[in-house]
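Trainee:
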Amino acid sequence: MGRLVAVGLLGIALALLGERLLALRNRLKASREVESVDLPHCHLIKGIVW
Numbered sequence: 086m087g088r089l090v091a092v093g094l095l096g097i098a099l100a101l102l103g104e105r106l107l108a109l110r111n112r113l114k115a116s117r118e119v120e121s122v123d124l125p126h127c128h129l130i131k132g133i134v135w
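In terms of the numbering used here, the sequence shown opens at residue 86 and continues consecutively.
Here it is as structure tokens:
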């Protein structure tokens, strides 16, 4: 019985930890795609390798 309670509490603790990590990831916007920026006055200079 004690082992069942310990496994249950461990599962609850891991679920809470996972939820907090996902919330932190969403807050830091770690999984978002970076949008490209259109620069109006930029042009390609031939001969420069980047």
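Ideal Cβ placement from N, Cα and C applies to all residues, glycine included.
(1) Determine the direct distance from the alpha carbon of Arg112 to that of Arg105, and round the result to whole angstroms.
(2) Please state the DSSP three-state secondary structure of Leu124.
(3) Taking the alpha helix (DSSP H) that Ile97 falls in, what are its first and last residues?
(4) What is the rounded straight-line gap between the Cα of Pro125 and the Cα of Ala98?
Mentor: In this structure, then:
(1) 10 Å
(2) coil
(3) 87-113
(4) 51 Å
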